[in-house]
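Structure first, commentary second.
Protein chains: 2
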Amino acid sequence: MANPGGTERTKLNRISHKASHDVSDLYSILDDNLVAHVGLVQDGRPLVIPMAYGRVDDIIYLHGSSGSRLMRLLAEQPEVCVSITELRALKVARSTFNSGMHYRSVVIFGKASLVSDADKDKALSAVSNAMIPGRVQEVRANTKKELAATIIISLPLDECSVKISVNEIDDDEQDLNKGTWAGTVPFISTIGEPIPADEEAAGLEVPESVKRLSKRS
Amino acid sequence: MANPGGTERTKLNRISHKASHDVSDLYSILDDNLVAHVGLVQDGRPLVIPMAYGRVDDIIYLHGSSGSRLMRLLAEQPEVCVSITELRALKVARSTFNSGMHYRSVVIFGKASLVSDADKDKALSAVSNAMIPGRVQEVRANTKKELAATIIISLPLDECSVKISVNEIDDDEQDLNKGTWAGTVPFISTIGEPIPADEEAAGLEVPESVKRLSKRS
Chain A
71 MANPGGTERT KLNRISHKAS HDVSDLYSIL DDNLVAHVGL VQDGRPLVIP MAYGRVDDII
131 YLHGSSGSRL MRLLAEQPEV CVSITELRAL KVARSTFNSG MHYRSVVIFG KASLVSDADK
191 DKALSAVSNA MIPGRVQEVR ANTKKELAAT IIISLPLDEC SVKISVNEID DDEQDLNKGT
251 WAGTVPFIST IGEPIPADEE AAGLEVPESV KRLSKRS
Chain B
71 MANPGGTERT KLNRISHKAS HDVSDLYSIL DDNLVAHVGL VQDGRPLVIP MAYGRVDDII
131 YLHGSSGSRL MRLLAEQPEV CVSITELRAL KVARSTFNSG MHYRSVVIFG KASLVSDADK
191 DKALSAVSNA MIPGRVQEVR ANTKKELAAT IIISLPLDEC SVKISVNEID DDEQDLNKGT
251 WAGTVPFIST IGEPIPADEE AAGLEVPESV KRLSKRS
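Going down the list, the sequences are from chains A and B.
Each residue of the first sequence is one higher than the one before, starting from 71 at the first, in the numbering used here.
Each residue of the second sequence is one higher than the one before, starting from 71 at the first, in the numbering used here.
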């Protein structure tokens with residue numbers, strides 16, 4: 071069961087960020103972002119791979135581009151650390167030291183499993199839905215060959231931590247009232263106009279799933 | 071010396087992404103992004119920490135929020151894997167299997183070092199300049215106490231790989247001309263209006279460094 075900050079290594083002891091124990095914060099960060107950085111140990115050394123992911127209840131499914139290598143690695147060493155970071159704003163303080171970034175982040179620890187053939191279709195839909203909700207229903211079903219070529223790993227949200235920046239500038243007292251500006255500069259992410267892939271697509275209406283993406287952003 | 075893709079573990083063997091051996095691509099991805107996911111090994115298990123970073127020539131300087139823990143860890147096990155990923159567009163194909171994301175990414179392997187006291191000021195400026203170019207010149211100098219409390223690690227770009235998506239939809243022949251749309255949906259990142267931190271800042275002009283950020287985006 072998802073229990074953010076519930077174990078020794080997920081307990082936060084810094085004060086400049088808010089540790090959230092709220093499952094809705096965990097879900098919101100996971101559902102609003104698209105890429106996870108997955109850490110593994112390979113021959114005693116760290117390896118970090120960016121992967122697309124999707125969440126179903128208290129499990130995330132991860133889909134990468136380096137399938138077979140990953141499969142070999144996980145067979146030897148299933149322990150992973152998954153980090154998802156959403157930058158929200160630049161924190162421009164009255165000193166370099168107090169400046170930085172506001173962000174929301176999740177770190178998940180656990181043992182990853184390869185998704186079985188029986189569950190691959192569901193897992194692939196979860197990853198697809200996380201990117202483009204509803205797209206699965208607009209396209210043909212996956213073929214057996216495609217599913218066989220797909221490697222997806224699953225990770226339960228049992229051990230995780232959630233950090234949300236407190237949106238404040240924490241300047242030192244002595245830096246105030248000396249004529250130096252301070253504030254935040256928000257990062258804004260939007261979705262651009264869809265670009266058809268070819269002549270056939272150019273002659274078709276943009277599908278509902280893609281139209282909804284633009285409205286959401 | 072930076073030599074993208076020059077070693078066995080940085081050589082790419084997938085065709086859906088372009089492996090770049092061009093140092094200017096490496097620099098461009100590093101200079102256009104703000105967060106690095108740093109993988110370490112702790113007690114034989116992986117740990118991934120998001121960190122701000124800045125580049126000076128063929129070195130990146132990384133600055134995290136969990137200083138002392140990181141210092142202990144690196145003393146035991148200096149090997150790191152640093153992953154920087156920039157999402158550029160959704161790739162909406164005519165099947166779930168062929169859909170995905172276009173991105174640019176860098177992975178760097180190497181041994182991280184703690185930046186010495188003598189070099190900390192320069193390293194902190196590099197990280198600050200990566201976030202807000204020119205801000206260092208607008209604020210007071212760092213104090214000795216601040217520098218002592220700062221932990222920055224450095225990593226040479228000696229062993230790294232660079233991936234840049236080929237911006238194409240690679241649908242199967244048999245999925246074409248069946249009335250299914252395909253295309254790309256660009257992600258657009260912009261900078262919002264600066265928000266003053268307090269009454270003092272609200273009465274001051276927005277500094278040049280912050281104004282330039284909005285122009286750049």
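Backbone N, C-alpha and C fix where the C-beta goes; we use that ideal spot for every residue, glycine too.
Please read all numbers here as calculations on a predicted model, not as lab measurements.
- In the DSSP assignment, A/Y173 is bridged to A/L157.
- Interface with chain B (7 angstroms Cβ-Cβ cutoff): A/M121 is excluded.
- Contact annotation, A/I261 with A/L283: C-beta distance approximately 5 angstroms; criterion of less than 8 angstroms satisfied.
- It is roughly 43 angstroms from the alpha-carbon of A/D268 to the alpha-carbon of A/K233.
- If you keep only unbroken alpha helix (DSSP H) runs of at least 4 residues inside the region 174-207 of chain B, you get 187-201.
- Burial is judged here by how many other beta carbons sit within 10 angstroms of a residue's own beta carbon; B/R205 has at least 16 and is buried.
- DSSP places A/E229 in the strand class (E or B) of the three-state scheme.
- In this structure, the alpha-carbon of A/P203 lies about 6 angstroms from that of A/S279.
- Selection B/P148, B/L274, B/E208, B/I129 evaluated against B/A72 yields B/I129 as nearest (Cα-Cα).
- Here the alpha carbons of A/E149 and A/K181 stand approximately 4 angstroms from one another.
- Rounded to the nearest angstrom, the gap between the Cα atoms of A/M201 and A/G124 is 8 angstroms.
- Taking every protein chain shown into account, the CB of B/E78 has fewer than 16 other CB atoms within 10 angstroms, so this residue is exposed.
- At least one CB of chain A lies nearer than 7 angstroms to the CB of B/I258.
- Setting aside the 5 residues that flank it on each side, B/L100 is surrounded in the same chain by R125, I130, I154, V176, each with a C-beta closer than 7 angstroms to its C-beta; the list follows chain order.
- The beta carbons of A/M121 and A/L132 sit closer together than 7 angstroms.
- By the neighbour-count definition (other C-beta atoms within 10 Å, threshold 16), B/A163 is a buried residue.
- Between B/L194 and A/P277, the alpha-carbon positions lie close to 47 angstroms from each other.
- Contact annotation: B/C230 and B/I265 have beta-carbon atoms that are not nearer than 7 angstroms.
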